[in-house]
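Using my numbering, read the sequence shown as starting at 1 and increasing by one per residue.
Where is the CB? At the ideal position from N, CA and C, for every residue including glycine.
Working notes for the structure below.
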Amino acid sequence: MPLNSQPLSFYLINGSAVCLLLLCSAFISGAEAALFSLSDKEKELLNKSRHKNDKLVVELLKKPNYLLATILIANNLVNVAFVTVSTFAFWDIWGRETSNFALTGLIVVTSAFIAIFGEVIPKVFAAQKNLITSQWVAFPMQFIIKFFYPFSWILVKSSSFIKMPLPTDSNKQLTKDDLHHAIDLTLSKSSATEERELLKGFLKFGNTSVKKIMKPRQDIKFIERTLTLPKVLELINQHGYSRLPVVIESLDQIEGILLIKDLIQHTNQQADFPWQKLLKPAFFIPESKKIDDLLNDFKKSHNHLAIVVDEYGGTSGIITLEDILEEIVGDINDEFDNDDMVYSRLDDNTFTFEGKTSIKDFCRITEISPHLFENQKSDFESIGGLLLNLFSRMPKIGEVTFFENLEFIIESVDVRRIKRVKVKVKREIEKV
């Protein structure tokens with residue numbers, strides 16, 4: 001195959017044109033990868049910035065369809081020009097009678113150059129340094145968009161499939177409020193109340209912290225390690241729990257957990273029997289731990305009870321496997337549960353509750369929806385906490401306050417807490 005002699009200027013001009021077109025292809029590809037890979041946080045930083053290039057990036061992303069259309073048009077034109085210039089230069093050097101094999105080789109080589117140096121390398125680099133690259137390409141891209149605007153306008157208007165490839169718009173996530181509303185629409189009948197509450201329990205399960213559902217410190221039943229076996233058995237019968245923490249001097253010094261099943265076979269032992277040797281190690285967790293993580297920990301460690309500690313290491317409460325399951329499926333009554341210990345029913349619409357009664361138990365007993373309290377901004381778990389939030393102070397005996405369709409009458413208080421309250425429920429307002 002004859003080689004046509006060409007002047008030096010031919011090689012300089014064509015070589016420069018090929019390199020320039022390859023650089024343009026790399027620039028456009030890098031700009032696409034950088035601009036469309038910016039995260040929400042990065043876009044927020046750019047939006048707050050006063051730098052000119054940052055403002056240009058924000059302006060470019062306001063019209064993503066035109067940006068993408070311009071990138072497609074410019075990149076295709078540059079790549080076609082690259083192949084065309086390479087082909088004509090090849091023909092001028094080797095002649096128009098080039099074999100098909102040589103022409104195929106040219107196509108493979110030019111395609112490889114475009115793919116590697118015009119697409120892959122610039123896109124990988126730009127995606128890794130997307131913020132800096134976006135700031136650098138913003139001004140040239142604005143000029144390119146204006147230059148190709150007539151063509152991109154036609155492409156955008158005629159091609160409905162071109163959409164913004166940003167996750168925040170194309171893959172919009174449903175919010176929890178959307179899911180709650182969907183559940184209410186789907187299960188709107190009264191016969192589906194239990195199913196509705198169960199589904200909503202699953203929705204809020206992952207974001208619920210241990211502190212919200214634990215049994216508070218003042219309600220913890222425990223055993224002192226200095227007690228004799230008969231006294232321990234007496235307390236076990238009195239409390240009715242299958243597991244009890246054992247303390248040294250106070251609840252801040254928990255030595256371990258006594259499992260009642262381990263003690264049963266020793267009930268006939270002498271009073272001085274060293275029952276302390278039966279203790280299991282206590283499982284300590286922080287207040288901020290999520291209950292879905294705790295459920296996994298319970299499963300792995302075969303524990304059913306955890307000691308909740310505050311930021312200073314003091315005991316703030318306990319939580320059991322039953323507490324977690326009740327958060328999902330609702331209250332679980334066993335043979336040791338006794339609602340009469342915390343409330344009394346005076347008639348169908350009037351109740352007397354202890355202030356420590358949880359909002360969950362309060363709603364279950366009075367048969368009102370727990371969502372009645374969802375708009376309250378303060379973080380409380382008991383009736384006493386609700387009333388302190390409503391009064392914004394410690395109320396006096398006989399004081400009355402109202403919340404939605406509920407009337408609260410304070411019956412007993414001490415210096416630090418509300419001990420007992422009477423509640424009247426107006427059913428005709430609560431039930432729609």
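DSSP places Ala115 within a helical segment (H, G or I) once states are collapsed to three. In this structure, Ile248 lies away from Leu295, with their beta-carbon atoms at least 8 Å apart. Excluding residues up to 5 positions away in sequence, Phe284, Ile285, Pro286, Glu287, Thr315, Ser316 lie with their Cβ nearer than 8 Å to the Cβ of Val309 in the same chain.
In the displayed model, Pro150 falls within a helix according to three-state DSSP.
Taking C-beta atoms under 8 Å as the contact rule, Lys221 and Ile319 fail to qualify, at a distance of about 14 Å. Scanning the region 293-328 for uninterrupted beta strand (DSSP E) segments of 3 residues or longer gives 305-309, 315-320, listed from N- to C-terminal end.
Secondary structure note for Leu390: it is in no beta strand (DSSP E), and the uninterrupted alpha helix (DSSP H) holding it is 383-391. A direct Cα-to-Cα measurement between Ala34 and Ala115 gives close to 17 Å. For Gly256, the beta-bridge partners assigned by DSSP are Val246. With fewer than three CB-CB distances shorter than 8 Å, the region 391-399 does not count as touching the region 359-366.
8 Å or more divides the Cβ of Ala74 from the Cβ of Asn14.
For Thr366, the enclosing alpha helix (DSSP H) stretches over residues 359-366.
Leu244 has its alpha-carbon roughly 32 Å from the corresponding atom of Phe373. Per the DSSP secondary-structure output, Leu406 pairs in a beta bridge with Phe403, Val425.
Within its own chain, no residue has a Cβ closer than 7 Å to the Cβ of Tyr149 once the five positions on either side in sequence are excluded.
Nearest to Val415 by alpha-carbon distance, out of Leu131, Thr104, Leu388, Leu155, is Leu388. Within a 10 Å sphere around the beta-carbon of Val246 sit 16 or more other beta-carbons, which makes this residue buried. In this structure, Ala17 is the residue among Ala17, Ala127, Leu233 with its C-alpha nearest to the C-alpha of Thr84. Segment contact: the region 300-308 against the region 223-231, fewer than three CB-CB distances shorter than 8 Å; contact not assigned. Leaving aside the five residues that flank Glu42 on each side, the residues in its chain whose CB is nearer than 6 Å to its CB run, in chain order, Leu131.
In the displayed model, Tyr66 falls within a helix according to three-state DSSP. Linking Ile154 to Thr70 through their CA atoms gives a straight-line distance of about 11 Å.
Cα atoms of Trp275 and Leu235: separation of roughly 14 Å, rounded to the nearest angstrom. When only Cα atoms are considered, Gly118 and Lys299 end up about 53 Å apart. Ser152 is the residue among Leu46, Ser152, Lys290 whose C-alpha sits nearest the C-alpha of Lys63. Annotation: Phe284 is outside any alpha helix (DSSP H); the continuous beta strand (DSSP E) that includes it extends over 284-286. Per DSSP, Glu354 is one residue of the beta strand (DSSP E) stretching across 350-354. Relative to the Cα of Ile264, the nearest Cα in the group Ser242, Ala282, Asp272 belongs to Ser242. In this structure, Ser209 lies near Lys289, with their beta-carbon atoms less than 8 Å apart. With a cutoff of 8 Å on beta-carbon distance, Phe353 and Val400 are scored as not near each other.
Residue pairing by DSSP places Lys290 opposite Ser209 in a beta bridge.
Leu12 and Glu44 have their alpha carbons spaced roughly 46 Å apart. Asp54 and Ile383 have their C-alpha atoms some 52 Å from each other. With 16 or more other CB atoms across the displayed protein chains lying within 10 angstroms of its CB, Lys356 is buried. Going by beta carbons, Ala138 and Leu56 fall inside the 8 Å limit.
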